[in-house]
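K.L.:
Numbering (UniProt numbering), first residue to last: 1 to 488. My questions will all concern the structure given below.
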């Protein structure tokens, strides 16, 4: 049962009178106001804010920390002061205790009937004159720290490039039997790995609320481990991680070369797998390419299922754009559409990273607001020009002609010739389309560089390729390959 704003709900357990619970929330609020002022924002936010007041097995009040490390810091650095402030502000003189989450749950299991085993959470009343206390207990479980609410399976757009990874993540999140362990998703920056891991974590917690899901970035794993070593709290650090039913670590390649951290991760991974717990990682490359990583750890990362995410193809990029536009339009209350030529331009220009694609759309939305659906292609190009790849490799029409000729096994001169047979005409049209997409040259200028053709010929070629891309997967693949090759 949750106490919000100092008001007890009607079905609150008789173990604690409503007045007492109301007082406990108010007392903790006053204690926090003083602690925040005395400890400073950094220490308060790191150690005190994540703690929650809970009802103990015997009806006393327990301050529950998310980790044993946090419990020990509070006991060493702030517990005497907390006790003094609690006594000063509590009119009922109730006893307050300090425990880590694991300790609290163990004691609850030992002393409380199964039907009443769920602890009672007391959420601080929110004071309008103290907005700075926003981080203090929000009622969300501490295991959600670091997760982003917008990254769910509902907002993840599956496609040929990521459908296998998506299916694997769904299976892990469902707690299905017969799973591979560990699972490692890999792919370059901006391919959707973090989104997939966040979605997996949220769904796993929804499917099994009583199981412990821990999500960490590798950087957070490293910094927490280093702090535990410095504070001589490595045992508590290990206890927290190895109690997880599902451990998720994002960007595990970050710890490559950091020997002691790799050793700790290796032992944690081994312990969890041996106990049948589930472990999921992400990295920017497969384990075999992590040459700086310890060989034993690299071998264990390879022992389960290694699942690659491929670059988003054009259809997937279009789907991502459409989903993002719906979200932006809902926020603005505007029509959830954009001009087809604008969508095509964005999908064809931002091919390397989904994040860059979304960033371009966010830029347009910020500039156009409710008028997003009315933007013309010229306006879009003008808005994005200052933001397009600062320092990007300059691609020339000559580069395009050479790459196209090489790809199709012909001479560059063939693209400039008058030959009209399909074996030459189609690659020539593809090269003209690439010139329109990857350079700032005008249609007449492009035509002149293709054997003195006029702008209507180039326009016809661009439109023809656009139409063929929708039905010719081989052509679409050729254009994707050429685009990446030209952009280096």
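Note that CB positions come from ideal geometry on N, CA and C, so glycine has one too. Because the structure is a prediction, the values reported are computed rather than measured.
(1) Between the C-alpha atoms of residue 468 and residue 149, what's the straight-line distance to the nearest angstrom?
(2) Residue 408 lies in the alpha helix (DSSP H); which residues open and close that run?
(3) Can you name, in chain order, every residue of its own chain whose Cβ lies under 6 Å from the Cβ of residue 73, other than the five neighbours on each side?
(4) List in chain order: all unbroken alpha helix (DSSP H) runs of 4+ residues lying wholly within the UniProt domain "AAA+ ATPase" (179-311).
(5) Which stretch, first to last residue, makes up the beta strand (DSSP E) that contains residue 48?
(6) Do residue 305 and residue 281 come within 8 Å of each other at the CB atom, strictly closer than that value?
(7) Are the CB atoms of residue 397 and residue 465 within a distance shorter than 8 Å?
(8) Would residue 296 be called buried (16 or more neighbouring beta carbons within 10 Å of its own) or exposed?
(9) Taking the continuous beta strand (DSSP E) assigned at residue 473, which residues delimit it?
(10) What does DSSP give as the partner residue(s) for residue 99 in the beta ladder?
(11) Alpha carbon to alpha carbon, how far is residue 78 from residue 54?
(12) With which residues is residue 55 paired in a DSSP beta bridge?
(13) Which residue wins for smallest C-alpha separation from residue 102, given the options 236, 347, 261, 254?
(14) Mind checking residue 215: buried by the 16 CB within 10 Å criterion, or exposed?
(15) Suppose you measure from the CA of residue 95 to the CA of residue 27; what does that come to, to the nearest Å?
(16) So what's residue 459 in DSSP terms, helix, strand or just coil?
(17) Report the CB separation of residue 309 from residue 192 in whole angstroms; it is logged as a contact under 8 Å.
(18) May I have the straight-line CA-CA distance separating residue 195 from residue 463, to the nearest angstrom?
(19) Is the distance from the Cβ of residue 316 to the Cβ of residue 250 below 8 Å?
(20) Report all residues from its chain with a CB closer than 6 Å to the CB of residue 365; omit the five preceding and five following residues, and keep chain order.
(21) Secondary structure at residue 31, three-state DSSP: helix, strand or coil?
(22) Alpha carbon to alpha carbon, what distance is there between residue 384 and residue 82?
(23) Between 186, 431, 479, which lies nearest to residue 164 when the distance is taken from Cα to Cα?
(24) Going by C-alpha to C-alpha distance, which of 470, 471, 437 sits closest to residue 484?
(25) Rounded to the nearest angstrom, what separates residue 442 and residue 450 at their Cα positions?
(26) Taking the straight line between their C-alpha atoms, what separation do you get for residue 471 and residue 324?
(27) Within this structure, are the beta carbons of residue 184 and residue 307 separated by less than 8 Å?
(28) Once the 5 residues before and after residue 179 are set aside, which same chain residues still bring their CB inside 7 Å of it?
(29) Could you tell me whether the stretch 153-163 touches the stretch 252-269, where touching means 3 or more Cβ pairs closer than 8 Å?
(30) Taking 8 Å as the threshold (C-beta atoms), are residue 89 and residue 30 in contact?
(31) For residue 439, which of helix, strand or coil comes out of DSSP?
(32) Three or more beta-carbon pairs under 8 Å between the stretch 197-212 and the stretch 257-268, yes or no?
(33) When the Cα of residue 32 is compared with those of 70, 61, 86, 75, which residue comes out closest?
(34) Pull up the distance between the alpha-carbon of residue 326 and that of residue 420, whole angstroms please.
(35) In angstroms, rounded to a whole number, what distance separates the CA positions of residue 24 and residue 240?
(36) Whole angstroms is fine: what's the gap from residue 404's alpha carbon to residue 427's?
P.N.:
In short, the structure shows the following:
(1) Here residue 468 refers to the residue found at position 468 of the chain shown. Here residue 149 refers to the residue found at position 149 of the chain shown. The straight-line gap from Cα to Cα measures roughly 39 Å.
(2) Start at 1 with the first residue of the chain shown, and residue 408 comes out as number 408. Run containing residue 408: 397-408, per the alpha helix (DSSP H) assignment.
(3) For the purposes of this step, residue 73 is taken as the residue at position 73 of the chain shown. The answer, listed in chain order, is 47.
(4) 193-207, 218-230, 234-242, 259-274, 295-302
(5) In the chain shown, counting from the first residue as 1, residue 48 sits at position 48. Note, residue 48: premise wrong, no beta strand (DSSP E); not H, not E.
(6) Here residue 281 corresponds to residue number 281 of the chain shown, with the count starting at 1. Here residue 305 corresponds to residue number 305 of the chain shown, with the count starting at 1. Contact flag unset, no.
(7) The residue given as residue 465 occupies position 465 in the chain shown. The residue given as residue 397 occupies position 397 in the chain shown. No, these two residues do not count as a Cβ contact at 8 Å.
(8) By 1-based counting over the chain shown, the position of residue 296 is 296. Answer is exposed; the Cβ neighbour count stays below 16.
(9) Taking the chain shown and counting its residues from 1, the one referred to as residue 473 is at position 473. Here residue 473 belongs to no beta strand (DSSP E); instead the alpha helix (DSSP H) covers 473-487.
(10) Along the chain shown, read from residue 1 onward, the residue named residue 99 stands at position 99. Residue 99 is bridged to 64.
(11) Your numbering for residue 78 matches position 78 in the chain shown. Your numbering for residue 54 matches position 54 in the chain shown. Residue 78 and residue 54: Cα-Cα distance of roughly 19 Å.
(12) Counting from 1 along the chain shown, the entry for residue 55 is found at position 55. Bridge partners of residue 55: 61.
(13) As a first step, residue 102 must be located in the chain shown, where it is residue number 102. The residue with the shortest Cα to Cα distance from residue 102 is 236.
(14) Within the chain shown, the letter at position 215 stands for residue 215. With 16 or more other Cβ atoms within 10 Å, it is buried.
(15) The residue labelled residue 95 in the question sits at position 95 within the chain shown. The residue labelled residue 27 in the question sits at position 27 within the chain shown. Approximately 12 Å, taken between the alpha carbons.
(16) Here residue 459 refers to the residue found at position 459 of the chain shown. Three-state DSSP puts residue 459 in a helix.
(17) For the purposes of this step, residue 309 is taken as residue 309 along the chain shown, with counting starting at 1. For the purposes of this step, residue 192 is taken as residue 192 along the chain shown, with counting starting at 1. Confirmed, about 6 Å.
(18) Taking the first residue of the chain shown as position 1, residue 195 is located at position 195. Taking the first residue of the chain shown as position 1, residue 463 is located at position 463. In a straight line, the C-alpha of residue 195 is about 35 Å away from that of residue 463.
(19) Position 316 of the chain shown holds residue 316. Position 250 of the chain shown holds residue 250. Inclusion of residue 316 and residue 250 in the CB contact set at 8 Å is not warranted, their separation being larger than that value.
(20) The sequence position of residue 365 within the chain shown is 365, counting from 1. In its chain, beyond the 5 residues on either side, 328, 372 have a beta carbon closer than 6 Å to the beta carbon of residue 365.
(21) Counting from one through the chain shown, the residue named residue 31 turns up at place 31. Three-state result, residue 31: helix.
(22) As a working note, residue 82 is residue 82 in the chain shown. As a working note, residue 384 is residue 384 in the chain shown. Taking the straight line from one Cα to the other gives about 54 Å.
(23) What you label residue 164 is simply residue 164 of the chain shown in a count that begins at 1. Nearest option by C-alpha distance: 186.
(24) Counting from one through the chain shown, the residue named residue 484 turns up at place 484. Among 470, 471, 437, the Cα nearest to that of residue 484 is on 437.
(25) Numbered from 1 along the chain shown, position 442 holds the residue referred to as residue 442. Numbered from 1 along the chain shown, position 450 holds the residue referred to as residue 450. If I take the Cα positions, the gap works out to 13 Å.
(26) Counting from 1 along the chain shown, the entry for residue 471 is found at position 471. Counting from 1 along the chain shown, the entry for residue 324 is found at position 324. When rounded, the distance between both Cα atoms is 25 Å.
(27) As a position in the chain shown, residue 184 is number 184, starting the count at 1. As a position in the chain shown, residue 307 is number 307, starting the count at 1. Closer than 8 Å, so yes.
(28) To locate residue 179, count along the chain shown from 1; it is residue 179. The answer, listed in chain order, is 171, 172, 278.
(29) no
(30) One-based indexing of the chain shown puts residue 30 at position 30. One-based indexing of the chain shown puts residue 89 at position 89. Result yes, Cβ atoms of residue 30 and residue 89 sit closer than 8 Å.
(31) As a first step, residue 439 must be located in the chain shown, where it is residue number 439. Correct three-state label for residue 439: coil.
(32) In short, these stretches do not touch, since the Cβ pair count stays below three.
(33) Residue 32 sits at position 32 when you count from the first residue of the chain shown. Taking the Cα of residue 32 as reference, the smallest distance to any Cα among 70, 61, 86, 75 is reached at 86.
(34) Translated into positions along the chain shown, residue 326 becomes position 326. Translated into positions along the chain shown, residue 420 becomes position 420. C-alpha separation (whole angstroms): 43 Å.
(35) For the purposes of this step, residue 24 is identified with residue 24 of the chain shown, where counting begins at 1. For the purposes of this step, residue 240 is identified with residue 240 of the chain shown, where counting begins at 1. If I take the Cα positions, the gap works out to 28 Å.
(36) Mapped onto the chain shown, residue 404 falls at position 404. Mapped onto the chain shown, residue 427 falls at position 427. Taking the straight line joining both Cα atoms gives about 7 Å.
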